Amino acid sequence: MTLTSVAQKYRQQSPLVFCLTNTVVTNFTANVLLASGAAPAMTNLPGEAGPFASVASAVLVNLGTPSTEQLRAMDEAIHGANEAGTPWVLDPVAVGALPVRTDFARKILAQRPTLIRGNASEILALSGRSSTGRGVDAKDTVQAAIEAGRELATDYGSVVAISGAADAIIDATRSVLVHSNGIGLTGITGGGCSLGAICAGMLAVSEDPFEAAIAAHGMYGLAAEKALAISRGPGSFAMAFLDELSAMDPEELQNLRLEEANNA
Amino acid sequence: MTLTSVAQKYRQQSPLVFCLTNTVVTNFTANVLLASGAAPAMTNLPGEAGPFASVASAVLVNLGTPSTEQLRAMDEAIHGANEAGTPWVLDPVAVGALPVRTDFARKILAQRPTLIRGNASEILALSGRSSTGRGVDAKDTVQAAIEAGRELATDYGSVVAISGAADAIIDATRSVLVHSNGIGLTGITGGGCSLGAICAGMLAVSEDPFEAAIAAHGMYGLAAEKALAISRGPGSFAMAFLDELSAMDPEELQNLRLEEANNA
Amino acid sequence: MTLTSVAQKYRQQSPLVFCLTNTVVTNFTANVLLASGAAPAMTNLPGEAGPFASVASAVLVNLGTPSTEQLRAMDEAIHGANEAGTPWVLDPVAVGALPVRTDFARKILAQRPTLIRGNASEILALSGRSSTGRGVDAKDTVQAAIEAGRELATDYGSVVAISGAADAIIDATRSVLVHSNGIGLTGITGGGCSLGAICAGMLAVSEDPFEAAIAAHGMYGLAAEKALAISRGPGSFAMAFLDELSAMDPEELQNLRLEEANNA
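Residue numbers (our numbering), protein chains in the order written: chain A, 11 to 274; chain B, 11 to 274; chain C, 11 to 274.
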């Protein structure tokens, strides 16, 4: 499929994205999903997470602010998703910087996430390399994490997306850089976390997770570019970003600036 | 009282609405309550929820993302409210689609909520009928749920409000459709959940819960109509909606388009 | 240092503020920190909170919606902060009105918070005096709480900041009123809670917590004044406030209207 047809299918099918995510970005993530054309749904309760993962179109597991109970629900959701063949995304927020989620993230890697999305520091840490991150901040460049991303992609059969100045999308054999001016997204919270949710939704409508990841990053980055042009600070940017995401024509994905990525 | 005088009393008394609600909409719900003239307060802690329910003006129990601990707090809050004669609202989010909250919602029905607010699929599921919902989405029409709403109203002494293209308000003997263009509310998260909070506040200032529900839906829907007219997408709509809610003159409720509802 | 140089240092160093805060304001708090130039990070998990408090630049403990697990994480974070010499802020939300947090707040006072920020009712209640508050609302004047603030400052070595029409900043020997038109902040949720987060960040860049508190309140209040002038309601105010916070020139703090505070 072309990127445009992936985005069109997303709009038509309105995938139901089940998000187990952090308390900082729940509202923004749900609004981003709605604006992009998908349907958000959340529960963090064991006993609900498993069954729901098997009926949802896709699942997002974001490790931003786990509670003990949410970690159990995530375990359940991942098993439910895998049993039902539902695609799922792992967003390893602050992995490497904080111990409990780091152990948990490494453990669930064995469940083979369809897609892993993080910043360079998180991808480096997830692969067992040392990074210089301090929580949600990436202090490493995307280039520095491409080898780690390739390794994760190969070991776990996942597509790996690394967010940065340009976003790298990697699988076992392919790699591409998606260029867009996403600087406005670094000024608000949830810029990366909500992208993970759109990735999940795109996985639900495309046979090829690599292509789905590019479509998600493209739609997201183009909306961010357009929002930046009409905003005067982070408050008006967040508002304009939702407006632009909602107004976006899937045809615009034809203008996406893609480039072959090179290993570091 | 007229609808205008209910809304005026709401503004003058600024009811303290104790919300036990989901993590996706806490911020928006609090801002909606403030913009409308009420005072929000939240705690999800057993040991606090019971005592607080007895001093609050009204209580909202929204089942969007329950934790085990929040469910215990909800139980406590409902008993505290009933003992003190505090009105309370049940919002049965995704009941029918997710098992734990479905059992919980059916159990607390016996505590006779003052008002039940949901979409058609949730009201159908709560009444034990089958629905076609998939979480927070309503796939059923308001008309199709009116009989279920009447039954709940009769069995539990509740007012039942069903949100949709037009909103139906039902009690054991009366029913009315509140017309407004609320389409903008379907593009953001919390559009229904925050309405439940305003319903709770209105219950605190009116002797007649049926009238309180109409006033809440009217104020909410009129603000949504005005916001839609000046916004260009879901981001600017959410902002304009809070502005319009805050600026609304209670006299405007005289223009509300009401219609007798017919059973399906 | 001058207030301007404190604010400049804040912008240059981008302190990492670890927030254990309530579910209503997590998103707004993170966006306020980002807009002001700091870096937010959150976890509420025992096992993560202690280690993270020792590497963060500052810690915020906000008692708005504690869970049992979050209370344990707070305990851990406070001990981690104190062992590492990390400054921390206590925001005693609704203390006096709700029992569990009231006991907890009085207990952790013994851990000597670097700064305590609350409204007049909360400061009165924290000091053991009776207040007329009903949750997050202050029903007492700032003047009425200055003596209580001075006592807390003396007993626990803390700076005490009392938010109101003018904000009082108090330590064992000094007191000042910071004047600004912050009325817009009372129309949105998190207006006070997010100020506590900026206070934490300022503590990380100034040797003098009294001065840090003034700089935080000044930057915050001036941004609120400017936002009010260009907004038409609480929705547009919240957006403009983030824009103004981000655009603020630290030199503007030279225009801050300060006044010696008098005890009641």
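All C-beta atoms, glycine included, are put in the ideal place defined by N, C-alpha and C. This one's a predicted model, so the numbers in the text were calculated from it and none came from an experiment.
- The stretch 16-25 of chain B makes contact with the stretch 206-217 of chain B: 3 or more CB pairs, one atom from each, lie closer than 8 Å.
- In this structure, DSSP gives residue 37 (chain C) a helical state, which the three-state scheme calls helix.
- Chain order gives no chain B residues near residue 114 (chain A), where near means a beta carbon separation below 7 Å; the closest approach is about 18 Å.
- With contacts defined as CB atoms closer than 8 Å, residue 125 (chain C) and residue 99 (chain C) qualify as a contacting pair.
- Inclusion of residue 97 (chain C) and residue 115 (chain C) in the CB contact set at 8 Å is not warranted, their separation being larger than that value.
- Counting along the chain, residue 85 (chain B) sits inside the alpha helix (DSSP H) bounded by residues 78-94.
- Close partners of residue 110 (chain C) in chain B (Cβ separation under 7 Å): 55, 57, 58.
- Contact of residue 82 (chain C) with chain B is not assigned, every C-beta pair being separated by 8 Å or more.
- By the neighbour-count criterion, in which 16 or more other beta carbons inside 10 Å mark a residue as buried, residue 159 (chain C) falls on the buried side.
- Between the alpha carbons of residue 177 (chain B) and residue 78 (chain C) lies a gap of roughly 39 Å.
- Residue environment: residue 265 (chain A) is assigned as exposed (fewer than 16 neighbouring CB atoms within 10 Å of its CB, all protein chains considered).
- DSSP links residue 133 (chain C) through a beta bridge to no other residue.
- Residue state for residue 25 (chain C) is assigned as coil, using DSSP reduced to three classes.
- Proximity of residue 246 (chain A) to chain C, defined by a Cβ-Cβ separation below 8 Å, is satisfied.
- Among the CB atoms of chain A, one or more fall inside 8 Å of the CB of residue 253 (chain C).
- Scanning chain A for C-beta atoms nearer than 9 Å to the C-beta of residue 119 (chain C) yields nothing, as the closest lies near 26 Å away.
- Of the candidates B:54, B:43, B:12, B:195, the residue whose Cα lies closest to the Cα of residue 109 (chain C) is B:54.
- Put simply, the CB of residue 52 (chain A) is far from chain C, with every gap to its CB atoms at 8 Å or more.
- Of all alpha-carbon atoms in A:263, A:267, A:256, the one lying nearest the alpha-carbon of residue 24 (chain A) is that of A:256.
- Within chain A, the C-beta atoms nearer than 7 Å to that of residue 36 (chain C) come from 33, 34, in chain order.
- The straight-line gap separating the alpha-carbon atoms of residue 152 (chain B) and residue 190 (chain B) is approximately 14 Å.
- Residue 58 (chain C) carries a coil assignment under DSSP once its states are collapsed to helix, strand and coil.
- Residue pairing by DSSP places residue 185 (chain A) opposite A:180 in a beta bridge.
- If you check each beta-carbon in the stretch 161-175 of chain C against every beta-carbon of chain A, none falls closer than 8 Å.
- Contact between the stretch 222-238 of chain B and the stretch 179-186 of chain C is not established, with fewer than three Cβ pairs separated by less than 8 Å.
- DSSP places residue 244 (chain B) inside the alpha helix (DSSP H), whose first and last residues are 244-257.
- A buried status is given to residue 111 (chain B), since no fewer than 16 other beta-carbon atoms sit within 10 Å of its beta-carbon.
- Residue-level contact check: residue 44 (chain C) touches chain A, since one or more beta carbons of chain A fall below 8 Å from its beta carbon.
- Of the residues assessed, residue 63 (chain A) falls on the buried side of the cut-off, its CB having 16 or more other CB atoms within 10 angstroms.
- According to DSSP, residue pairing for residue 128 (chain B) in a beta bridge involves B:172.
- Taking all protein chains in view, the Cβ of residue 36 (chain A) is crowded by 16 or more other Cβ atoms within 10 Å, so the residue is classified as buried.
- DSSP places residue 267 (chain A) in the uninterrupted beta strand (DSSP E) bounded by 267-270.
- With a beta-carbon spacing of about 17 Å, residue 174 (chain C) and residue 44 (chain B) fall beyond the 8 Å limit used to define contacts.
- A direct Cα-Cα distance of roughly 46 Å separates residue 73 (chain B) from residue 185 (chain C).
- Distance check between residue 39 (chain B) and each of B:172, B:130, B:195 places B:195 closest, using alpha-carbon atoms only.
- A straight line joining the alpha-carbon of residue 71 (chain A) with that of residue 262 (chain C) spans about 43 Å.
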